[in-house]
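K.L.:
Using the numbering used here, you'd call the opening residue of the sequence shown number 33 and step up by one each time. Idealized CB from N, CA, C, for every residue including glycine. Let me give you the structure first, and then I'll get to my questions.
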Amino acid sequence: MSRLIVVSNRVNPPADTGVGTAGGLAMALSAALREDKGLWFGWSGNTVEHYTGQISMQKVGGVTVALLDLEPQDQNEYYNGYANRTLWPLFHYRSDLVNYERSFDEGYSRVNTRFAETLLPLIAPDDLIWVQDYHLIPLARELQARGVKNRIGFFLHIPWPARRLLKTLPKHGELVESLFDYDLVGFQTEDDCEAFVDFVTHDAPGAEALPDGILRAWGKQIFAKPFPIGIDAQDFADTLTSERAETFHRAMIRSQAGRKMLLGVDRLDYSKGLEERFSAYETLLANNPGMHGNLFLLQIATLSRDEVDAYQDLRNRLDTQSGQINGAYATVDWVPLRYVNRPYRRDELAGIYRSADIGLVTPLRDGMNLVAKEYVAAQDPANPGVLVLSQFAGAAEQMKEALIVNPFSREDVSEAIHRGLAMPLRERRRRWEALYDKVLTNDVSKWRDDFVSCLSDCLPATVAEKEAV
Numbered sequence: 033m034s035r036l037i038v039v040s041n042r043v044n045p046p047a048d049t050g051v052g053t054a055g056g057l058a059m060a061l062s063a064a065l066r067e068d069k070g071l072w073f074g075w076s077g078n079t080v081e082h083y084t085g086q087i088s089m090q091k092v093g094g095v096t097v098a099l100l101d102l103e104p105q106d107q108n109e110y111y112n113g114y115a116n117r118t119l120w121p122l123f124h125y126r127s128d129l130v131n132y133e134r135s136f137d138e139g140y141s142r143v144n145t146r147f148a149e150t151l152l153p154l155i156a157p158d159d160l161i162w163v164q165d166y167h168l169i170p171l172a173r174e175l176q177a178r179g180v181k182n183r184i185g186f187f188l189h190i191p192w193p194a195r196r197l198l199k200t201l202p203k204h205g206e207l208v209e210s211l212f213d214y215d216l217v218g219f220q221t222e223d224d225c226e227a228f229v230d231f232v233t234h235d236a237p238g239a240e241a242l243p244d245g246i247l248r249a250w251g252k253q254i255f256a257k258p259f260p261i262g263i264d265a266q267d268f269a270d271t272l273t274s275e276r277a278e279t280f281h282r283a284m285i286r287s288q289a290g291r292k293m294l295l296g297v298d299r300l301d302y303s304k305g306l307e308e309r310f311s312a313y314e315t316l317l318a319n320n321p322g323m324h325g326n327l328f329l330l331q332i333a334t335l336s337r338d339e340v341d342a343y344q345d346l347r348n349r350l351d352t353q354s355g356q357i358n359g360a361y362a363t364v365d366w367v368p369l370r371y372v373n374r375p376y377r378r379d380e381l382a383g384i385y386r387s388a389d390i391g392l393v394t395p396l397r398d399g400m401n402l403v404a405k406e407y408v409a410a411q412d413p414a415n416p417g418v419l420v421l422s423q424f425a426g427a428a429e430q431m432k433e434a435l436i437v438n439p440f441s442r443e444d445v446s447e448a449i450h451r452g453l454a455m456p457l458r459e460r461r462r463r464w465e466a467l468y469d470k471v472l473t474n475d476v477s478k479w480r481d482d483f484v485s486c487l488s489d490c491l492p493a494t495v496a497e498k499e500a501v
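Structure representation (structure tokens):
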């Protein structure tokens, strides 16, 4: 039986005890790795003065992990640089924030080479290799250059940009061509997959799109398909009954004091549309004075990537904006916006989700956004809340029973919140039942199993190349 090797920028299996902060993705991948005695390989998150290539093998939550330390220069150029100053803003349609430097590109290539060299001795002939996300796009090319003939799959967790936007990236053709060293390339949505195919068919030499997701270019053949990711809905339901989740739920109900609660849970990131969300909420308050004192917005925005200037600037702007809203509308016994930057455990969030009358998931661009699915999974079937969802979140492709909004329009979002607050119980139940059925059906295990099954059925790239000629 083939062993599964998962490769990601960071390794994040859940620990042996407690629900903690482990997400559904980590739990699903860990389950697969435990089942077939697989391996999770990636950066430890630590830096050392001089790179050695030494691997630290550990057992975490029953999963074997192999950890690699990098140099500070690697972290600055590969992670903070090319991955998060170049690719992340570009793939999220923020070309105004893209920072390309040749040293970033060199660091990105260097770290992918180091990953390949270090992983190579750990690979057995029948292993399936599954590479995760934009940090490691060239990894298959580096592995094949070292003689690896295994099946290798790649999954992109973030959006794929439009063709003309991608062409603003120096060496964009080389980046896309490196994806043709995989056997299977997966995307979150049909739209993302179509955008990838559109670029290839217009700009790659010898390009040909065939049925069943077969794509040929550069004399190579791959499968390109959508695999929408989900959550572990059953595990999340179990989490809801935990003592900690119930404690947080009761605390939130007391804190609400009969008021309606709007909820946003995001990383502090410019792709999440937090400034636009605050503006929409301010519009709601300005247009509906009768709501004053009767509702509040709880926005949890966990800090991330503080080393990147764009994130520091965003944090400062949000601090100012939240202060202005509260300064304009708060009274001695009512604060309209509760803005929190601390992280919460998964079981704590479950209790908070369940308390919210409106779930606001309004990113400007997002690969999927699992908060939308977690919010639905956390609701009380007898009295569910309403999901307000951006049309630019990948989740909107499946979750059409949500109130779909344009996050760039403060009026659109404001009106959707107003509609959700006034929605009759019967309609809320009908919408929630349809959404919850989709969350259950398209869970993270299905995503994992569908991808691994498809990868197992692929011809290895070296064979596919010969057939494509």
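For the alpha helix (DSSP H) that Ser274 lies in, which residues bound it at each end?
P.N.:
Premise fails: Ser274 is in no alpha helix (DSSP H) and is neither H nor E.
K.L.:
Would Leu242 be called buried (16 or more neighbouring beta carbons within 10 Å of its own) or exposed?
P.N.:
Result: exposed.
K.L.:
Once the 5 residues before and after Asp481 are set aside, which same chain residues still bring their CB inside 7 Å of it?
P.N.:
Excluding residues within five positions, none has a Cβ falling inside 7 Å.
K.L.:
Give me whichever residues DSSP pairs with Met89 in a beta bridge.
P.N.:
DSSP output for Met89 lists Ala98 as bridge partner(s).
K.L.:
Work out the CA separation of Arg195 and Ser238 for me, nearest whole Å.
P.N.:
Sequence check: residue 238 is Gly here, not Ser. Looking at the two C-alpha atoms, the distance is approximately 17 Å.
K.L.:
Rounded to whole angstroms, what is the Cα-Cα separation between His281 and Ser287?
P.N.:
Near 10 Å, if we compare the C-alpha coordinates of Ser287 and His281.
K.L.:
With DSSP collapsed to three states, give me the class of Gly355.
P.N.:
Looking at Gly355 - three-state DSSP - the assignment turns out to be helix.
K.L.:
Report all residues from its chain with a CB closer than 8 Å to the CB of Asp106; omit the five preceding and five following residues, and keep chain order.
P.N.:
Thr79, Tyr83, Gly139, Arg142, Val143, Arg146.
K.L.:
Just how far apart, CA to CA, sit Thr53 and Asn44?
P.N.:
Note on Thr53: pLDDT 48, under 50, position unreliable in the model; the coordinate value appears next. Taking the straight line from one Cα to the other gives about 10 Å.
K.L.:
Which runs of the beta strand (DSSP E) fall wholly inside the stretch 228-303 and span at least 3 residues, in chain order?
P.N.:
Those beta strand (DSSP E) runs which fall completely within the stretch 228-303 and span 3+ residues are 246-249, 252-258, 292-299.
K.L.:
Helix, strand or coil: how does DSSP classify Phe424 here?
P.N.:
Phe424 falls in the coil class under three-state DSSP.
K.L.:
Evaluate the contact criterion for the stretch 355-373 versus the stretch 302-318: three or more CB pairs, one atom per stretch, below 8 Å.
P.N.:
As far as the Cβ criterion goes, the stretch 355-373 touches the stretch 302-318, which means the pair count is three or higher.
K.L.:
Quick check: what's the CA-CA separation for Ser336 versus Ala410?
P.N.:
If I take the Cα positions, the gap works out to 25 Å.
K.L.:
Please determine if the stretch 211-227 and the stretch 255-267 are in contact, where contact requires at least 3 C-beta pairs separated by less than 8 Å.
P.N.:
Contact between the stretch 211-227 and the stretch 255-267 is present, because at least three Cβ pairs lie under 8 Å.
K.L.:
Quick one: grab the DSSP three-state call for Ile155.
P.N.:
It is coil, neither helix nor strand.
K.L.:
To the nearest angstrom, how far is it from the Cα of Arg433 to the Cα of Leu402?
P.N.:
The sequence shown places Glu at residue 433, not Arg. Spanning the two alpha carbons is a distance of roughly 16 Å.
K.L.:
Just checking my contact of Leu295 with Ile390 at CB under 8 Å: how many whole Å lie between their CB atoms?
P.N.:
Going by Cβ atoms, the distance from Leu295 to Ile390 rounds to 7 Å, so yes, they are a contact pair.
K.L.:
State the Cα-Cα distance for the pair Lys478 and Leu188, rounded to the nearest angstrom.
P.N.:
If you take the alpha carbons of Lys478 and Leu188, they lie about 17 Å apart.
K.L.:
Measuring CB to CB, does Gln164 end up less than 8 Å from Val39?
P.N.:
Taking 8 Å as the Cβ cut-off, Gln164 and Val39 qualify as a contacting pair.
K.L.:
Taking the alpha helix (DSSP H) that Val471 belongs to, which residues open and close that run?
P.N.:
Note, Val471: alpha helix (DSSP H), 457-473.
K.L.:
With a cut-off of 8 Å on the beta carbons, I'd call Leu168 and Cys486 a contact; round off their distance for me.
P.N.:
Contact doesn't hold; Cβ gap of about 19 Å is too wide.
K.L.:
Between the stretch 151-159 and the stretch 176-185, do three or more beta carbon pairs fall short of 8 Å?
P.N.:
These segments touch.
K.L.:
By the DSSP assignment, the beta strand (DSSP E) with Val364 in it spans what residues?
P.N.:
No beta strand (DSSP E) contains Val364, which DSSP labels as neither H nor E.
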